[in-house]
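Q:
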Amino acid sequence: MLLGAHVSIAGGLDLAVGRGLEIGAEALQVFTKNQVQWDSAPLDPDVVMRFKGGMLANELAPVSVHGSYLINLASADDDIRKKSRNALVDELIRGNVIGANYLILHPGSHGGDGETTGLQRIGQGLGWCLKQAGVSRPRLLLENTAGQGRGVGHRFEQIRDLIDRVPEHWDLGVCLDTCHAFAAGYDMSEEGYDAVFEEFDRVVGLERLLAFHLNDSKTERKSRVDRHERIGKGQVGMGFFRLLMRDPRFVGLPGYLEVPGGKTAFKADLKLLKRLRTSGGMY
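Counting from 165, one number per residue, gives the positions in the sequence shown under the working numbering.
1. Rounded to whole angstroms, what is the Cα-Cα separation between residue 166 and residue 191?
2. On the three-state DSSP scale, how would you describe residue 288?
3. Cβ atoms of residue 267 and residue 239: under 8 Å apart, would you say?
4. What residues in its chain sit with their C-beta under 7 Å from that of residue 320, if we drop five residues either side in the sequence?
5. At a cut of 8 Å, does the segment 193-203 reach the segment 231-238 through at least three beta carbon pairs?
6. Tell me which residues share the same chain as residue 276 and place their Cβ nearer than 7 Å to its Cβ, disregarding the 5 neighbours each side in the sequence.
7. How about the segment 345-360 and the segment 432-441: do they share at least three Cβ pairs that are nearer than 8 Å?
8. Note down, in chain order, each residue of its chain lying with its Cβ closer than 7 Å to the Cβ of residue 324, except the 5 sequence neighbours on either side.
9. Report yes if the C-beta distance between residue 285 and residue 335 is below 8 Å; otherwise report no.
10. Does the beta-carbon of residue 178 have 16 or more other beta-carbons within 10 angstroms, so that it is buried, or is it exposed?
11. Between the beta-carbon of residue 309 and the beta-carbon of residue 255, is there less than 8 Å?
12. For a minimum of 3 consecutive residues, which ranges assigned as the beta strand (DSSP E) are wholly contained in the segment 233-302?
13. Where residue 301 and residue 425 are concerned, what is the direct C-alpha to C-alpha distance, given to the nearest angstrom?
14. Can you tell me where the alpha helix (DSSP H) holding residue 209 begins and where it ends?
Here's what the structure looks like:
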């Protein structure tokens with residue numbers, strides 16, 4: 165697995181490269197805009213050129229864009245759904261401009277209208293957005309959720325149903341968040357490791373698993389509460405991460421940290437994961 169983190173673009177997208185190198189990242193995840201605003205400023209061509217040049221020169225890849233937290237294709241509000249569709253198309257286009265491999269998206273919340281309605285809205289929205297963005301775009305990855313509130317996507321079956329509802333869904337993929345899966349009820353322990361991925365393969369298909377968010381969990385299994393923790397400091401346990409780092413099925417896939425603690429935590433946790441990847445049992 166290629167290890168990285170979600171890094172800040174404060175001061176300019178191009179500065180993310182140096183921040184990634186400082187923490188020892190091999191891959192990067194970024195926003196391309198303010199994640200809590202609908203509108204986005206145009207990308208500066210010079211900044212984009214420096215970003216792409218820095219990524220290439222330092223062999224930082226894959227690069228993923230994390231979609232805006234505002235996007236909710238399942239919303240009960242027609243205006244929010246329209247804004248969400250336009251925002252996602254914009255994100256896909258911006259991702260293409262910066263040379264991103266993937267765009268990672270939270271599926272959304274049905275707002276009380278029910279899971280079936282939410283899935284239908286998301287499927288329709290994704291189909292429209294992918295058509296509008298065209299073929300020159302990052303590959304869209306759906307991120308599993310913790311099951312908090314009225315969110316959609318905490319069970320593998322929901323992820324499968326979302327994919328099935330999108331016309332020409334051949335290139336849709338999944339980003340598996342380890343904290344979210346644990347909070348949703350999956351046994352992310354050393355003992356449960358094989359069963360989790362066997363179930364994912366049976367329900368969704370391992371060929372669609374293209375990225376990871378590597379997070380421990382502050383809350384207990386089945387809590388359905390999304391609270392990230394540093395690797396080995398939470399409830400998931402080191403055994404799961406040890407097996408994940410050594411799994412030959414995921415060689416070359418990106419794994420991005422989204423843990424609390426900033427630069428110091430990212431640097432330490434990446435170092436830890438690299439040790440697990442190399443030694444297997446020593447941590």
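Every residue gets a Cβ at the ideal spot worked out from N, C-alpha and C, and that includes glycine.
A: In short:
1. For this step, residue 166 is matched to residue 2 along the sequence shown. For this step, residue 191 is matched to residue 27 along the sequence shown. Going from the Cα of residue 166 to the Cα of residue 191 covers about 6 Å.
2. By one-based count along the sequence shown, residue 288 stands at place 124. DSSP places residue 288 in helix when its eight states are reduced to three.
3. Here residue 239 refers to the residue found at position 75 of the sequence shown. Here residue 267 refers to the residue found at position 103 of the sequence shown. Cβ atoms of residue 239 and residue 267: not closer than 8 Å.
4. The sequence position of residue 320 within the sequence shown is 156, counting from 1. Excluding residues within five positions, the ones whose Cβ falls inside 7 Å are 363, 364, 367, 368.
5. yes
6. Locating residue 276 in the sequence shown gives position 112, where the first residue counts as 1. Correct list, in chain order: 240, 314.
7. no
8. One-based indexing of the sequence shown puts residue 324 at position 160. Counting only Cβ-Cβ distances below 7 Å, and skipping sequence neighbours, we find 367, 368.
9. Along the sequence shown, one-based indexing puts residue 285 at 121. Along the sequence shown, one-based indexing puts residue 335 at 171. No, these two residues do not count as a Cβ contact at 8 Å.
10. Working through the sequence shown from its first residue, we reach residue 178 at position 14. So residue 178 counts as buried.
11. Working through the sequence shown from its first residue, we reach residue 309 at position 145. Working through the sequence shown from its first residue, we reach residue 255 at position 91. Not a contact, by the Cβ cut-off of 8 Å.
12. 266-269
13. Indexing the sequence shown from 1 puts residue 301 at position 137. Indexing the sequence shown from 1 puts residue 425 at position 261. Cα to Cα, the separation comes out at about 32 Å.
14. On the sequence shown, position 45 is the one that residue 209 refers to. Unbroken alpha helix (DSSP H) run through residue 209: 209-221.
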